[in-house]
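No gaps in the numbering here: position 147 of the sequence shown is 160 in the working numbering, and each next residue is one more.
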Amino acid sequence: MERNYIVIGAILSTALLMALAGGVMLRGLSDPSTKIATPAPIAPTTTPAKPPLTITPPKTTSKDVFPPVQSGPREVPSTPEPVEEGKYIVTASGLKYFDHEVGTGASPATGNKVALDYTGWLANGTRFDSSLERDKPVTITIGKGEVMDGWDEGVLSMKVGGKRHLVIPPDIAFGKKGRPPVVPPNETLTFEMHLVGVE
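Printed below as a string of structure tokens:
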């Protein structure tokens, strides 16, 4: 009988210890003063921002605009550069031309403004006019009747930077009337032309 009491007491003691332990565990979870460690927040993954797209405007070339004005008179040739007769290109109008230097820029079209340097001679070799005696090239509108027909025709097929020798017969120069007192009637004219710019 005494042994049974001992066994029952041992069982009750064990049960009491388990209950106490369980109470401690439950109290630890429910007690607001008990702090539960929380995982550190995960930093969001960000993609590096791409640099803004930079658009560089195209450079303006000398073929598209008039060049800077050169101040003061320039050197004026006393005679045109010689050209062998067989080297001329002759057009249907009778215009003869030879390119001393072919340009690499734009070609003008009818209605374009162009900047030209020129020197002109009469048939006897007398120089009668030159833009080089002034401080800048002459500016004209091509194909609008501002100049003689020979100029319109001769300049239209040039390119900026080109230097051309023109021989213009009277019919597409100043004709029967000439340009008194400088240019006689029915005069064939020779020009050295330099196409400086196209607007």
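Where a beta carbon is used, it is the ideal one built from N, C-alpha and C, also for glycine.
Beta-carbon gap between residue i and residue j smaller than 8 angstroms
{"i": "GLY167", "j": "LEU179", "result": "yes"}
{"i": "PHE111", "j": "VAL96", "result": "yes"}
{"i": "PRO90", "j": "GLU205", "result": "yes"}
{"i": "THR154", "j": "LEU145", "result": "no"}
{"i": "LEU208", "j": "LYS172", "result": "yes"}
{"i": "PHE141", "j": "VAL103", "result": "no"}
For residue i, the nearest candidate out of the options (CA to CA)
{"i": "ALA105", "options": "ILE181, LYS157 and GLU200", "result": "ILE181"}
{"i": "GLY116", "options": "MET161, ILE185, VAL195 and LEU169", "result": "LEU169"}
{"i": "GLY138", "options": "GLU94, HIS113 and GLU114", "result": "GLU94"}
{"i": "THR152", "options": "GLU88, GLU114 and GLY210", "result": "GLY210"}
{"i": "MET161", "options": "GLU88, GLY191, ARG87 and THR92", "result": "GLY191"}
Euclidean distance between Cα positions of residue i and residue j
{"i": "PRO121", "j": "PRO198", "result": "30 angstroms"}
{"i": "GLU212", "j": "LYS157", "result": "15 angstroms"}
{"i": "LEU108", "j": "LYS100", "result": "13 angstroms"}
{"i": "ASP130", "j": "THR123", "result": "19 angstroms"}
{"i": "GLU159", "j": "ALA136", "result": "23 angstroms"}
{"i": "GLY163", "j": "ASN125", "result": "16 angstroms"}
{"i": "GLY118", "j": "GLY175", "result": "8 angstroms"}
{"i": "PRO183", "j": "GLU98", "result": "19 angstroms"}
{"i": "LYS149", "j": "HIS113", "result": "21 angstroms"}
{"i": "ASP165", "j": "ARG177", "result": "13 angstroms"}
{"i": "TRP134", "j": "ILE185", "result": "15 angstroms"}
{"i": "THR92", "j": "ARG147", "result": "18 angstroms"}
{"i": "PRO194", "j": "SER143", "result": "16 angstroms"}
Residues bridged to residue i [DSSP beta-bridge criterion]
{"i": "LEU126", "result": "This sequence places Lys at residue 126; Leu is not what is there. Paired residue(s): THR154."}
{"i": "SER142", "result": "Per the sequence shown, the amino acid found at residue 142 is Asp instead of Ser. Beta-bridge pairing links ASP142 to GLY133."}
{"i": "TYR110", "result": "ILE102 and LEU179"}
{"i": "ARG192", "result": "VAL196"}
{"i": "GLY118", "result": "Answer is none; GLY118 lacks a bridge partner."}
{"i": "GLY163", "result": "For GLY163, which the question treats as bridged, DSSP gives no partner whatsoever."}
{"i": "PHE187", "result": "Answer by DSSP bridge pairing: none, since PHE187 is not bridged."}
{"i": "GLU205", "result": "THR132 and HIS178"}
{"i": "VAL211", "result": "VAL127"}
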